[in-house]
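Novice: Here it is, the structure in full.
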Amino acid sequence: MVQEKKRTASFLTKEFYLAIFLLAVLIFLWIFAKGFYTINNIMSILNTYSYTLIAAIGMNMIIITSNIDVSTGALVSVVCLASAAIGKLGLPFPVLLPAAMVMGIILSTINGLFITKTKIPAIVATLATTQIFQGVLPLTTEGSIYDLPATFTWLAFEAKLFGIVPASVLMCLIITVIALFFMKYSRFSKKLYAIGNNQHSARLAGINVEKTIVITYAIAGALFGVTAIIIATAGQRVTTTMGSGLEMTLIASVILGGTSTAGGSGKVIGTVIGALILCIVSPAINYLGISPNWSDAIKGAIIMISVVVGAFQQVKKKRVIQIPKEVLNNGK
Amino acid sequence: MANKKKFKVTFNMLLFLIWILIFIGIAATSPVFLSPSYLLNVMLRNIIEIGMVALPMTLIIIMGGIDLSVGNIMILAATLGGLAAVTYGSAVAVIVTILTGLVCGLINGLVIVKAKISPMVTTLATMYLYLGISRGISKGSSIYSFDFATTMGTTSLFGIPVQVWIYVLLVVIFTVLLAKTTLGRKLYSIGLNENATQYAGIDVGKIKIAMYIICGLICALASFIWLGRFTSIKFDAGTNFNMKVITIVVLGGTSINGGIGSMIGTIIGTLIIATLNSGLTVMNIPIDVQTIVHGSVLIVALIAYAVVNSRAKKKKLIKIEAAPKQVASM
């Protein structure tokens with residue numbers, strides 16, 4: 001409780017610096033990038049941002065428990081394709097969304113069970129399931145499902161708030177607000193942080209670690225499902241590689257948002273800002289007149305700089321074991 | 333101690349058995365597979381780059397680290413080398429390629445050691461960075477091979493492709509390095525308990541940086557062969573490469589938490605993947621099914637490893653006691 005008070009007292013948190021950086025970027029773009037703040041561009045960025053953030057919130061929860069999921073891209077692709085197959089029947093969006101969420105939950109729970117039951121490190125386990133998911137995909141369809149009905153693409157083309165704002169933004173907003181409160185006040189979220197900090201002491205404190213991790217993966221899976229349905233419904237054609245590479249963007253957003261991959265720390269608000277920064281990069285350099293080929297390098301540089309700067313702030317606080325020079329020299 | 337050796341079923345033996353079974357299974361269904369020229373020129377040649385990079389990756393993972401950027405280092409080195417070859421010729425290109433590998437490895441090592449950022453985060457960031465730089469510099473277009481790379485990728489020596497010779501040489505060097513030298517012992521020690529190793533008077537930071545540099549150099553070496561074999565590459569060619577390398581190392585029984593593993597395991601892992609890749613192609617099985625088979629083999633190996641390992645742990649509980657604690661704090 002004491003630490004919580006300290007945190008609110010000092011507003012100079014990692015998230016605060018990140019927000020300042022974001023603001024600086026936005027002002028910079030306002031001055032130098034002509035046409036960046038047009039309605040169309042903003043709406044297109046918001047749409048990308050919505051599905052990235054929804055999945056990133058799920059990834060954030062997983063990383064807080066000091067696990068990771070590198071199979072997200074393949075998982076999203078599977079859900080995209082499966083929901084397209086259902087969507088072809090002409091089912092409306094209110095049916096498709098829960099269906100996608102359930103599929104996400106099932107696949108992600110497989111990951112969670114695999115990790116907890118076999119005690120295989122999460123990165124290796126999800127690496128294995130990635131290959132299974134990727135392999136299953138092209139078996140079910142020949143490349144892509146196309147000519148999807150208007151009921152399927154309803155979300156992208158017809159569902160707009162006030163005629164302009166995509167409905168995905170509303171979904172993202174609801175999920176983010178729930179996540180913000182859930183990760184701050186719920187008992188479940190405290191368990192996540194406890195497990196991330198020290199799995200063994202969490203178990204001794206009476207937390208059912210395995211069950212909690214599986215539930216975390218399930219919740220994240222539901223969010224991946226929502227992301228998948230937003231990505232899938234963007235057009236009349238769904239291919240087998242809709243989600244490929246997504247996992248790296250998600251992990252990068254989470255890390256940029258200040259969540260440590262060692263687990264036990266990180267806030268939702270950090271991920272919210274981190275994801276926005278990464279989503280702005282590609283359109284921003286486009287409007288700045290830089291070749292789009294440099295977008296990955298700029299993203300990489302941003303992640304690198306923020307991580308290194310964050311690390312040097314942390315190094316001071318950490319209890320680093322200092323070893324005298326003589327000891328080192330004697331060893332040679 | 334002598335008694336123990338009698339009934340000890342090691343993971344490597346199991347793995348070797350799996351390989352033999354796969355090999356016989358494929359050879360029985362399609363005899364074409366068994367011809368020496370196919371085995372050498374197709375099966376081995378197609379895996380060399382991945383197998384090569386898996387060797388230093390084993391060292392890094394045993395040390396408790398990981399490098400997700402290897403494929404991108406390789407492509408960046410090939411990109412810069414290929415561009416240098418266009419204007420300055422082959423000799424300069426070779427130097428540029430090797431320097432690129434060295435600098436990329438050095439950056440990884442320095443950030444991990446000096447800024448104390450976890451290897452996964454660091455190499456994830458540099459993965460983006462190297463991918464982005466090679467995309468930006470090549471302007472998204474293909475890079476073409478040059479003389480030296482073509483020689484490395486296509487010629488044969490005594491009827492065996494030159495890259496196989498290089499691979500065998502590297503295998504010998506790395507196996508000896510890990511199993512017979514003090515440096516090898518130090519790597520295990522760092523993987524099991526970094527702080528204790530530091531206290532024992534070993535300069536952990538220096539060894540870590542050296543390992544990432546070696547990894548970068550091997551990536552540069554692999555980039556010659558890759559470029560020579562395909563004659564042209566694009567910036568995104570290395571994306572799946574990272575995961576393939578890690579798959580092989582993990583399949584070989586190296587613990588991702590560090591401290592456990594062997595070079596022999598990695599080599600058998602390489603052979604298993606090579607056999608599966610070319611064997612399934614011979615059997616006309618579509619590439620998608622091959623991915624599933626890869627995944628399944630990895631899962632089977634992981635579970636087998638977990639079983640063997642838990643038995644080993646029970647036998648010498650006191651000795652390995654320190655390892656799980658280190659794992660928990662990661």
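Protein chains in written order, with the working numbering: chain A, 1 to 332; chain B, 333 to 662.
Where is the CB? At the ideal position from N, CA and C, for every residue including glycine.
#1: State whether the stretch 413 to 426 of chain B contacts the stretch 470 to 478 of chain B, with contact taken as three or more CB pairs (one from each stretch) at a distance under 8 angstroms.
#2: Looking only at its own chain, which residues have a Cβ that is under 8 angstroms from the Cβ of Leu743 (chain B), when we skip the five neighbours before and after it?
#3: Does DSSP classify Ser108 (chain A) as helix, strand or coil?
#4: Consult DSSP for Phe343 (chain B) and reduce its assignment to one of helix, strand or coil.
#5: Going by beta carbon distance, what residues of the same chain come within less than 7 angstroms of Ser587 (chain B), once the five residues before and after it are set aside?
#6: By DSSP, does Thr239 (chain A) sit in helix, in strand, or in coil?
#7: According to DSSP, simplified to helix, strand and coil, what is Leu18 (chain A)?
#8: Buried or exposed: which applies to Pro388 (chain B), given that a residue is buried once 16 or more other Cβ atoms fall within 10 Å of its Cβ?
#9: Kindly indicate which residue of B:Leu634, B:Gly591, B:Leu463 and B:Leu371 has the alpha-carbon position closest to the one of Ala528 (chain B).
#10: Closest Cβ-Cβ distance between Leu353 (chain B) and chain A: below 8 angstroms?
#11: Residues bridged to Ile166 (chain A) by DSSP?
#12: Spell out whether any CB of chain B is found under 8 angstroms from the CB atom of Asn293 (chain A).
#13: Under 8 angstroms between the Cβ atoms of Leu347 (chain B) and Gly585 (chain B)?
#14: Can you have a look at Asn47 (chain A) and say buried or exposed, based on whether 16 or more other CB atoms are within 10 angstroms of its CB?
#15: Given this structure, state the Cα-to-Cα distance separating Lys651 (chain B) from Gln131 (chain A), to the nearest angstrom.
#16: Closest by CA to Ile302 (chain A), which one among A:Ile57, A:Leu288 and A:Thr249?
#17: According to DSSP, simplified to helix, strand and coil, what is Leu127 (chain A)?
#18: Since I believe Leu559 (chain B) is in contact with Ala410 (chain B) (beta carbons under 8 angstroms), could you give me their beta-carbon distance rounded to a whole number of angstroms?
#19: By alpha-carbon positions, which one of B:Thr598, B:Met406, B:Ile449 and B:Thr458 ends up nearest to Val504 (chain B)?
#20: Using a Cβ-Cβ cut-off of 7 angstroms (strictly less than) and excluding sequence neighbours within five positions of Val494 (chain B), which residues of its own chain qualify?
#21: Where does Tyr476 (chain B) fall in DSSP's three states?
#22: DSSP state of Ser362 (chain B), grouped into three classes?
#23: Beta-carbon of Gly468 (chain B) versus every beta-carbon of chain A: anything under 8 angstroms?
#24: On a Cα-Cα basis, can you pick out the residue from A:Val102, A:Val78 and A:Val95 that is closest to Thr129 (chain A)?
#25: Check whether the stretch 451 to 458 of chain B touches the stretch 242 to 262 of chain A, taking contact to mean three or more Cβ pairs, one atom from each stretch, closer than 8 angstroms.
#26: Are Gly403 (chain B) and Tyr544 (chain B) close, meaning C-beta to C-beta below 8 angstroms?
#27: What whole-angstrom Cβ distance do Thr458 (chain B) and Gly300 (chain A) have, given they're in contact under 8 angstroms?
#28: Which residues, in order along the stretch 567 to 581 of chain B, keep a beta-carbon less than 7 angstroms from a beta-carbon of chain A?
#29: Report buried or exposed for Arg187 (chain A), applying the criterion of at least 16 other Cβ atoms within 10 angstroms of its Cβ.
#30: Is any beta-carbon of chain A found at less than 8 angstroms from that of Ala447 (chain B)?
#31: So Pro121 (chain A) contacts chain B; which residues on that side make the cut at Cβ distance below 7 angstroms?
#32: According to the neighbour-count rule (16 or more other Cβ atoms, all chains shown, within 10 Å of its Cβ), is Val443 (chain B) buried or exposed?
#33: Along the alpha helix (DSSP H) that carries Ser201 (chain A), what are the first and last residues, could you check?
#34: Using a Cβ cut-off of 8 angstroms, pull out every chain B residue sitting near Gly135 (chain A), in sequence order please.
#35: Short of 6 angstroms in beta carbon distance, which residues of its chain neighbour Leu612 (chain B), apart from the five on each side in sequence? Order them along the chain.
#36: Could you check whether Thr227 (chain A) and Tyr51 (chain A) sit closer than 8 angstroms to each other, using their CB atoms as the reference points?
Specialist: So, to answer that:
#1: yes
#2: Missing from the structure shown is residue 743 (chain B); chain B here goes from 333 to 662 and no further.
#3: As a first step, residue 108 (chain A) must be located in the first sequence, where it is residue number 108. Here Ser108 (chain A) sits in helix by DSSP.
#4: As a first step, residue 343 (chain B) must be located in the second sequence, where it is residue number 11. In the structure shown, Phe343 (chain B) sits in a helix (DSSP, three-state: H, G or I).
#5: Within the second sequence, the letter at position 255 stands for residue 587 (chain B). Contacts found: Gly593.
#6: In the first sequence, the residue the question calls residue 239 (chain A) occupies position 239. Strand, per DSSP.
#7: One-based indexing of the first sequence puts residue 18 (chain A) at position 18. Note: Leu18 (chain A) maps to helix in three-state DSSP.
#8: Walking along the second sequence from the start, residue 388 (chain B) turns up at place 56. Its Cβ being crowded by 16 or more others within 10 Å, Pro388 (chain B) is buried.
#9: For the purposes of this step, residue 528 (chain B) is taken as residue 196 along the second sequence, with counting starting at 1. Selected option, being the one with the closest Cα: B:Gly591.
#10: Reading the second sequence from its first residue, position 21 is the one you call residue 353 (chain B). By this cut-off, Leu353 (chain B) is not an interface position.
#11: In the first sequence, counting from the first residue as 1, residue 166 (chain A) sits at position 166. Here the sequence assigns Pro to residue 166 (chain A), which means Ile is not the residue at that position. The partner list for Pro166 (chain A) (beta bridge, DSSP) reads A:Lys160.
#12: Within the first sequence, numbered from 1, the residue matching residue 293 (chain A) stands at position 293. By this cut-off, Asn293 (chain A) is an interface position.
#13: Within the second sequence, numbered from 1, the residue matching residue 347 (chain B) stands at position 15. Within the second sequence, numbered from 1, the residue matching residue 585 (chain B) stands at position 253. One thing to note: Leu347 (chain B) has its Cβ within 8 angstroms of the Cβ of Gly585 (chain B).
#14: The residue you call residue 47 (chain A) lines up with position 47 of the first sequence. Buried is the call here.
#15: As a position in the second sequence, residue 651 (chain B) is number 319, starting the count at 1. As a position in the first sequence, residue 131 (chain A) is number 131, starting the count at 1. Bear in mind that a pLDDT of 45 at Lys651 (chain B), under 50, signals an unreliable position, so the model cannot answer this.
#16: Counting from one through the first sequence, the residue named residue 302 (chain A) turns up at place 302. Measuring from the Cα of Ile302 (chain A), the nearest candidate turns out to be A:Thr249.
#17: Residue numbering aside, residue 127 (chain A) sits at position 127 when the first sequence is read from its first letter. Residue state, collapsed to three classes: helix.
#18: Counting from one through the second sequence, the residue named residue 410 (chain B) turns up at place 78. Counting from one through the second sequence, the residue named residue 559 (chain B) turns up at place 227. Confirmed, about 5 angstroms.
#19: Start at 1 with the first residue of the second sequence, and residue 504 (chain B) comes out as number 172. Ranking the options by Cα distance to Val504 (chain B), first place goes to B:Thr598.
#20: On the second sequence, residue 494 (chain B) is found 162 positions in, with the first residue counted as 1. Closer than 7 angstroms at the Cβ level, and outside the excluded window around Val494 (chain B), lie Met484, Thr487 and Ser488.
#21: Here residue 476 (chain B) is taken as the residue at index 144 of the second sequence, counted from 1. Three-state DSSP puts Tyr476 (chain B) in a strand.
#22: Here residue 362 (chain B) refers to the residue found at position 30 when the second sequence is read from its first residue. Ser362 (chain B): coil per DSSP, three-state reduction.
#23: Translated into positions along the second sequence, residue 468 (chain B) becomes position 136. Chain A contact via Cβ: present.
#24: Residue numbering aside, residue 129 (chain A) sits at position 129 when the first sequence is read from its first letter. That would be A:Val78, whose Cα lies nearest to the Cα of Thr129 (chain A).
#25: yes
#26: The residue you call residue 403 (chain B) lines up with position 71 of the second sequence. The residue you call residue 544 (chain B) lines up with position 212 of the second sequence. Result no, Cβ atoms of Gly403 (chain B) and Tyr544 (chain B) do not sit closer than 8 angstroms.
#27: In the second sequence, residue 458 (chain B) corresponds to position 126, counting from 1. In the first sequence, residue 300 (chain A) corresponds to position 300, counting from 1. Yes, Thr458 (chain B) and Gly300 (chain A) are in contact; Cβ-Cβ is about 7 angstroms, under 8 angstroms.
#28: Met575, Ile578 and Thr579
#29: Indexing the first sequence from 1 puts residue 187 (chain A) at position 187. Counting of Cβ neighbours within 10 angstroms places Arg187 (chain A) among the exposed residues, the total staying below 16.
#30: For the purposes of this step, residue 447 (chain B) is identified with residue 115 of the second sequence, where counting begins at 1. Chain A, which has a Cβ nearer than 8 angstroms to the Cβ of Ala447 (chain B), makes this yes.
#31: The count along the first sequence starts at 1 and reaches residue 121 (chain A) at position 121. Simply Ile588 and Asn589.
#32: In the second sequence, the residue the question calls residue 443 (chain B) occupies position 111. Its Cβ being crowded by 16 or more others within 10 Å, Val443 (chain B) is buried.
#33: Residue numbering aside, residue 201 (chain A) sits at position 201 when the first sequence is read from its first letter. That run of the alpha helix (DSSP H) goes Gln199 to Leu204.
#34: As a first step, residue 135 (chain A) is located in the first sequence; it is residue number 135 there, counting from the start. Correct list: Asp620, Val621, Gln622, Thr623, Ile624, Val625, His626 and Gly627.
#35: Working through the second sequence from its first residue, we reach residue 612 (chain B) at position 280. Excluding residues within five positions, the ones whose Cβ falls inside 6 angstroms are Gln622.
#36: In the first sequence, residue 51 (chain A) corresponds to position 51, counting from 1. In the first sequence, residue 227 (chain A) corresponds to position 227, counting from 1. Yes. Within cutoff.
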